[in-house]
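Everything on this sheet refers to the single structure shown next.
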Amino acid sequence: MSFSVEQLARHSEFVPSLRFLAEALRNRYDSGPRIARLLASHQRWLLTQMAYALHLEYDSTVPGSGLTAVELRNLITHYRVASRNTVLTYIEELLTYRFLLPAAGPVLRPRRYEPAEISHAAMFSWFLANLAALDLIDNGSRAVTLAAHPGLFDLAQPRMARRCLEATAWREPPERVGMFLWTEAGGLVVDNLMSRLEPSADTDGRIDLGRIDTRAIAAQFMMSRTHLQRLLRKAADHGCIGWYDEPKKTRLWMSRDFLDEYCSWQAVKFAAVDEGFEWAQAVVAGAVPKE
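According to our numbering, the sequence shown is numbered sequentially starting from 2.
Printed below as a string of structure tokens:
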């Protein structure tokens with residue numbers, strides 16, 4: 002039985018699993034920063050996950066199916082995630098960096114695209130890391146199962162992506178979470194903060210994140226130091242974080258209520274990943290029909 006959103010959000014092992022995932026994603030960023038930035042803001046996360054889902058849902062017997070600019074635009078604009086022009090610019094960027102390639106075969110309209118091998122590897126790795134994080138909560142074997150049966154990913158990812166897109170609670174993060182996630186590279190900044198979490202260091206609602214070097218973080222994530230400092234200042238004004246050593250601003254804390262807010266939001270995605278993977282296994286086993 003997969004976890005519910007509520008079970009995850011209040012589970013004692015959920016924060017350690019979030020830290021594990023944040024560290025895993027940060028390591029993946031170091032090995033491929035440009036492609037990792039496709040998931041670095043919430044808008045791009047939604048665009049990327051749905052683009053990949055459309056690709057996996059391609060059916061040669063259904064005209065217009067698969068990843069096309071038209072299908073992605075219709076989905077994304079329906080949920081008001083991005084404008085038509087933003088979707089088209091996103092696809093052009095993927096083509097420029099060769100993360101996306103025109104599909105082989107006759108040129109039909111609308112034009113269909115396929116992810117490059119590096120994109121396949123990145124998406125599989127992301128899903129595997131999320132399963133490994135879930136395994137930390139209940140000592141499960143999801144990641145091992147996926148590694149042994151990678152075809153499960155082709156079923157699980159589209160189901161997960163659509164559930165996330167359809168869930169208002171995920172699509173529209175709480176205001177303070179969105180303050181990070183809707184900005185360029187904001188997701189990378191949050192992952193950096195979450196990777197520093199030591200819940201046992203909670204004192205009067207403040208969790209010590211240790212010393213940070215904004216210059217080094219900005220350089221690592223290819224963002225301006227001014228943008229990063231502005232983002233952290235705004236988060237501090239909203240009570241998400243703060244510094245122990247004003248005005249030096251080198252030792253940071255995170256508020257417990259912001260962490261709880263972030264956990265509740267992340268639980269929506271984790272539940273979708275868990276349910277999608279469980280459903281994929283049931284389909285392969287013949288226990289449920291493929292929808």
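All C-beta atoms, glycine included, are put in the ideal place defined by N, C-alpha and C.
{"Query": "Proximal residues to L102 (C-beta, below 6 angstroms), its chain only, five neighbours per side dropped", "Result": "E115 and A117"}
{"Query": "Top-ranked residue by Cα proximity to S3, from P290, E276, Q282 and A283", "Result": "E276"}
{"Query": "Residues sharing a beta bridge with Y114, DSSP", "Result": "L68 and P103"}
{"Query": "Chain-order list of residues whose beta-carbon lies under 8 angstroms from that of A168 (same chain, five-residue window excluded)", "Result": "V269 and A273"}
{"Query": "Chain-order list of residues whose beta-carbon lies under 6 angstroms from that of Y91 (same chain, five-residue window excluded)", "Result": "L48"}
{"Query": "Presumed contact (8 angstroms Cβ cut-off) between I208 and R164, rounded CB distance", "Result": "Not quite, the Cβ-Cβ distance comes to about 30 angstroms (not below 8 angstroms), so this is no contact."}
{"Query": "The stretch 204-218 touching the stretch 228-235, judged by at least three CB pairs closer than 8 angstroms", "Result": "yes"}
{"Query": "H43 classed as buried or exposed, judged by whether at least 16 other C-beta atoms fall within 10 angstroms", "Result": "buried"}
{"Query": "L210, enclosing alpha helix (DSSP H) - first and last residue", "Result": "From DSSP, L210 is part of no alpha helix (DSSP H) but of the beta strand (DSSP E) over R207 to R212."}
{"Query": "Contact set for M195: own chain, Cβ-Cβ below 7 angstroms, skip 5 residues either direction", "Result": "L19, R20 and A23"}
{"Query": "Nearest-angstrom Cα separation, counted from G65 out to R110", "Result": "8 angstroms"}
{"Query": "Identity of the residue in A170, V285, G67 and A70 nearest C264 by Cα", "Result": "A170"}
{"Query": "Contact check, P159 vs E58, beta carbons under 8 angstroms", "Result": "yes"}
{"Query": "Own chain partners of H239 with C-beta closer than 7 angstroms, once the 5 adjacent residues on each side are dropped", "Result": "R177 and M180"}
{"Query": "Exposed unless 16 or more other CB atoms sit within 10 angstroms - verdict on P290", "Result": "exposed"}
{"Query": "Bridge partner(s) assigned by DSSP for D203", "Result": "I208"}
{"Query": "Counted within 10 angstroms of its Cβ, other Cβ atoms place N131 as buried (16 or more) or exposed", "Result": "buried"}
{"Query": "Collapsed DSSP secondary structure at R172 in the structure displayed", "Result": "helix"}
{"Query": "Own chain residues within Cβ distance below 7 angstroms of M224, not counting five before or after", "Result": "E185 and A186"}
{"Query": "Under the three-state DSSP convention, the category L253 falls into", "Result": "strand"}
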